[in-house]
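When the letters of the sequence shown are read in order and numbered with my numbering, they come out as residues 5 to 425.
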Amino acid sequence: MTLKERDKKHLWHPLTQHKVHPDALPIIKAKGALLFGEDGTEYIDGIASWYTAMYGHCNDYILEQVQHQMQQLDQIVFAGFTHEPAIRLSEELIKILPDNQEKIFFSDNGSTANEVGIKMALQYHFNKGEKRNTIIAFEDGFHGDTFGAMSASGLSVYNGPFEDFFIDVKRIPTPNSENIDSVLQQLQEYINTHKVAAFIYEPLVQGANAMHMYKAMYLDQILSVCKKNNVITIADEVMTGFGKTGRTFASDYIKTKPDIISMSKALTAGFVPMAVTSCTQNIYDAFLDDSVGKAFFHAHTYSANPIACSVALGAIELLHTEEIQNDIQRITMSHKNFDAKINNHPKVKTTRQQGVIYALDLDIQMDRYGEKRYEIFDHFMKNGVALRPLGSTVYILPPYVITQQQLEKIYDTIVELLDQI
Ligand SMILES: *Cc1c(COP(=O)(O)O)cnc(C)c1O
Numbered sequence: 005m006t007l008k009e010r011d012k013k014h015l016w017h018p019l020t021q022h023k024v025h026p027d028a029l030p031i032i033k034a035k036g037a038l039l040f041g042e043d044g045t046e047y048i049d050g051i052a053s054w055y056t057a058m059y060g061h062c063n064d065y066i067l068e069q070v071q072h073q074m075q076q077l078d079q080i081v082f083a084g085f086t087h088e089p090a091i092r093l094s095e096e097l098i099k100i101l102p103d104n105q106e107k108i109f110f111s112d113n114g115s116t117a118n119e120v121g122i123k124m125a126l127q128y129h130f131n132k133g134e135k136r137n138t139i140i141a142f143e144d145g146f147h148g149d150t151f152g153a154m155s156a157s158g159l160s161v162y163n164g165p166f167e168d169f170f171i172d173v174k175r176i177p178t179p180n181s182e183n184i185d186s187v188l189q190q191l192q193e194y195i196n197t198h199k200v201a202a203f204i205y206e207p208l209v210q211g212a213n214a215m216h217m218y219k220a221m222y223l224d225q226i227l228s229v230c231k232k233n234n235v236i237t238i239a240d241e242v243m244t245g246f247g248k249t250g251r252t253f254a255s256d257y258i259k260t261k262p263d264i265i266s267m268s269k270a271l272t273a274g275f276v277p278m279a280v281t282s283c284t285q286n287i288y289d290a291f292l293d294d295s296v297g298k299a300f301f302h303a304h305t306y307s308a309n310p311i312a313c314s315v316a317l318g319a320i321e322l323l324h325t326e327e328i329q330n331d332i333q334r335i336t337m338s339h340k341n342f343d344a345k346i347n348n349h350p351k352v353k354t355t356r357q358q359g360v361i362y363a364l365d366l367d368i369q370m371d372r373y374g375e376k377r378y379e380i381f382d383h384f385m386k387n388g389v390a391l392r393p394l395g396s397t398v399y400i401l402p403p404y405v406i407t408q409q410q411l412e413k414i415y416d417t418i419v420e421l422l423d424q425i
């Protein structure tokens, strides 16, 4: 039996209606920006496997670091014990995070990083003797699939079965030049009429919301209102973190710094799952007390796994090399040139870019997971390019190490699609 056949026996894939789409594509190897299928077919990983493998798959430098760590210390309970990889990683993260961040809390994935951020914010107020129960979020944001993170996610078309169990979330639209005044007004109204604990947002780029982009200037105004009202601000940098927007964090573009930042995905470069929630000294201090009940009782068994920490240390080191920074510049410029070529194409509705993130909306009607979307997906795969269109949006978020030739092939395949549809 082929892998494809064996897969169907026991596996249940995420985001998949198995009745309509029973086949998953086996990948047996990956290196750099390339994925290799069972039959040897090569695919260019145009989205870095959901924005994780930014330094290339199976990166040799990171591999070296992990191998060393695996022989030294594999796992240790992080309650009551500590280890050098976690200590060093906290030091390195604090160096590159916005200035106000002081403390590092570990978990395993982007959803739990946000779950931790939301719980920190709720307990921050609770510890100060205030019960605040409302979270504010953007209408079409995405923060993950655990209950808190899912509640805060506006893209809830698929969350019907769970809506009755959501935590209390009020939503505001993402800001633009036309609606900013009314967004600020709506926010203030929620703050006046509800016990608002926190505001969670994806800074500048909303990944799952078809790479919707909005301006730092408007976010800054929203964050200012939150600060004035002691509403804890949580920047979900799970997608935007570690260089993708052109700066280390998207929050670096915004004057008002968040109280809490969640990170995952590129944090561990596609090697292993890990997540971090960082916060300010002020948040942390609210949990210090003689009473154990004011401590943060949230733990995951693999918190600060030493192997994952060593991967993250290697990744951060690579991010700040001249080579990777040049790659980020190169990809950013290439996207700009490509955009100039195609943004007038009759099948292109709009385009947008932030750093290495490039997206275009096709001028056709289609559902997010409709059949047309699968046809477009197949067009790319047949041409050896792995892209995952989000509805009528085609986006590229390539590994930094993608070669220029590979990048051009992605562009060519998109132009071909535009000429065909
Ligand atoms: C992917 C993502 C998440 C969820 O992370 P998981 O590791 O898939 O749980 C949360 N927020 C944003 C912005 C994301 O892109």
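Virtual Cβ for every residue (Gly too), placed ideally from N, Cα, C. None of these values were measured; they are calculated from a predicted model.
In the three-state reduction of the DSSP assignment, R175 falls in the strand class. Partner residues in the beta bridge of G41, as assigned by DSSP, are I31. Here DSSP, grouped into helix, strand and coil, assigns F203 to strand. For V280, the enclosing beta strand (DSSP E) stretches over residues A279 to T284. By the Cβ test, the segment 377-384 is not in contact with the segment 338-351, since fewer than three Cβ pairs between them sit closer than 8 Å. In the DSSP assignment, L323 is bridged to no other residue.
The shortest CA-to-CA distance from E143 to any of T116, N113, K174 and N131 is the one to K174. Remark: C-beta atoms of S268 and F110 do not approach each other more closely than 8 Å. Placement of the Cβ of S307 at a distance of 7 Å or more from every heavy atom of ligand 1 is found. A direct Cα-to-Cα measurement between F151 and S115 gives close to 9 Å. Judged by the Cβ position, G152 fails to qualify as a neighbour of ligand 1 at the 7 Å threshold, every heavy atom of the ligand being at least this far. In this structure, the alpha-carbon of N286 lies about 38 Å from that of V405. Under a 10 Å Cβ-count criterion, H61 is classified as buried, with 16 or more other Cβ atoms of the shown protein chains found around its own Cβ.
Around the CB of E42, fewer than 16 other CB atoms lie within 10 Å, so the residue is classed as exposed. K99 sits exposed, since fewer than 16 C-beta atoms from the chains shown fall within 10 Å of its C-beta. For S338, the secondary structure class from DSSP, reduced to helix, strand or coil, is helix.
Apart from the 5 residues on each side of it in sequence, R334 has no Cβ closer than 6 Å to any other Cβ in its chain.
Excluding five sequence positions before and after M370, the CB atoms of its chain that fall closer than 7 Å to its own CB belong to K376, R377, G395 and S396, given in chain order.
A straight-line Cα-Cα distance of about 12 Å links V120 and H147. Two segments are said to touch when three or more pairs of C-beta atoms, one from each, lie closer than 8 Å; by this definition the segment 250-264 touches the segment 211-228. Ligand 1 has no heavy atom closer than 7 Å to the beta-carbon of D144. Cβ neighbours of D78 within its own chain (closer than 7 Å, five residues either side excluded): P310 and I311. Inter-residue distance for K248 and I361 is about 7 Å (C-alpha atoms, whole angstroms).
Excluding its 5 nearest sequence neighbours in each direction, T56 has C-beta neighbours in its own chain below 8 Å: K269, A270, T272, A273 and G274, listed in chain order. Remark: the shortest separation between the CB of A156 and any heavy atom of ligand 1 does not fall under 7 Å. Contact annotation, I265 with E241: C-beta distance approximately 5 Å; criterion of less than 8 Å satisfied.
Straight-line measurement puts the Cα of M385 at about 16 Å from the Cα of E412. Around the C-beta of R10, fewer than 16 other C-beta atoms lie within 10 Å, and the residue is accordingly described as exposed. Counting only unbroken stretches of 3 or more residues, the beta strand (DSSP E) elements lying wholly within the segment 88-149 are 105-111 and 138-142, in sequence order.
For Q69 and E88, the gap between their C-alpha atoms comes out near 13 Å.
Beta-bridge pairing by DSSP links E46 to F40. In this structure, DSSP gives R392 a state outside helix and strand, which the three-state scheme calls coil.
DSSP, read as helix, strand or coil, puts M154 in helix. Closest in alpha carbon position to N213, among Y399, V352 and L15, is Y399.
Just so you know, the alpha carbons of A156 and A52 end up roughly 26 Å apart.
In the structure shown, the three-state DSSP call for A52 is helix.
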